[in-house]
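Numbering (our numbering), first residue to last: 32 to 275. Note that beta-carbon positions come from the ideal geometry of N, C-alpha and C, so glycine has one too. Computed from a predicted model, the values in this text were never measured in an experiment. The next block holds one structure in the form of structure tokens; read it before the comments.
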């Protein structure tokens with residue numbers, strides 16, 4: 032299965048988002064931090080970074096996107112995220128990660144306070160049942176309007192869904208660390224969360240039967256996600272749950 036974006040102009044996406052409550056116009060100078068990971072587990076690329084870096088410098092609703100690559104290493108990933116936030120002073124952070132095997136853009140709902148590596152990270156570490164932050168809450172919810180984001184993505188022809196697990200590898204580690212920082216420290220970050228994306232076609236070609244999504248579709252999806260996160264004040268009230 033391979034997804035490519037249905038033909039639609041970029042100017043149509045914010046118009047679709049406008050059906051939901053919107054914030055006042057974003058002030059000039061607002062920074063959006065978009066992070067992607069380095070390759071891991073023997074891969075030669077990571078679609079999260081390929082997509083994130085394509086949007087570095089992109090302007091949306093008076094805000095400018097800045098992209099930073101994050102290492103796939105427990106602990107060090109959080110230090111790099113902290114450094115990027117300290118440098119850029121973003122008001123919005125979207126962390127992006129690869130979820131091989133998924134067929135759609137996944138808007139993550141919840142980050143859990145546990146590292147439990149099925150495989151080693153890029154430094155050879157494999158924590159098992161270790162808290163991301165000792166003494167912190169068991170979980171944090173995303174502060175993004177994830178259901179409005181799903182709705183806008185689907186309206187543009189991009190397969191998307193709310194996800195209730197970001198795993199227990201470095202993606203969830205980064206997600207939890209981001210939300211913990213937001214919960215325990217003052218501005219600049221006002222809103223943040225995590226998005227998982229599928230393999231690229233060139234990755235899936237080596238793994239028969241595994242779904243993929245074209246890079247241009249992923250990039251377009253992230254544009255929509257950023258625009259919605261900047262413009263929607265309160266999330267839409269509709270189901271995003273799953274039976275199992």
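Assign residue i to one of three DSSP states: helix, strand, or coil.
i           : result
residue 203 : helix
residue 126 : strand
residue 247 : helix
residue 150 : coil
Please work out which residues of its chain come closer than 6 angstroms, Cβ to Cβ, to residue i, disregarding the five sequence neighbours upstream and downstream, and give them in chain order.
i           : result
residue 211 : 164, 167
residue 221 : 122
State the Cα-Cα distance for the pair residue i and residue j, rounded to the nearest angstrom.
i           : j           : result
residue 223 : residue 180 : 13 angstroms
residue 249 : residue 82  : 7 angstroms
residue 270 : residue 177 : 11 angstroms
residue 72  : residue 267 : 37 angstroms
residue 209 : residue 112 : 8 angstroms
residue 150 : residue 204 : 14 angstroms
residue 240 : residue 233 : 13 angstroms
What are the residues that DSSP puts in a beta bridge with residue i?
i           : result
residue 91  : 94
residue 99  : 66
residue 209 : Answer by DSSP bridge pairing: none, since residue 209 is not bridged.
residue 222 : 123
residue 138 : 193, 226
Leaving aside the five residues before and after residue i along the sequence, list all residues of the same chain whose C-beta is less than 7 angstroms from its C-beta, in chain order.
i           : result
residue 140 : 172, 173, 177, 193, 194, 195
residue 144 : 162, 163, 164, 167, 168, 169, 170, 207
residue 78  : 129, 228, 230, 231, 246, 249
Count the other CB atoms within 10 Å of the CB of residue i; is the residue buried (16 or more) or exposed (fewer)?
i           : result
residue 160 : exposed
residue 259 : buried
residue 155 : exposed
Tell me which residues share the same chain as residue i and place their Cβ nearer than 8 angstroms to its Cβ, disregarding the 5 neighbours each side in the sequence.
i          : result
residue 86 : 65, 96, 98, 250, 253, 254, 257
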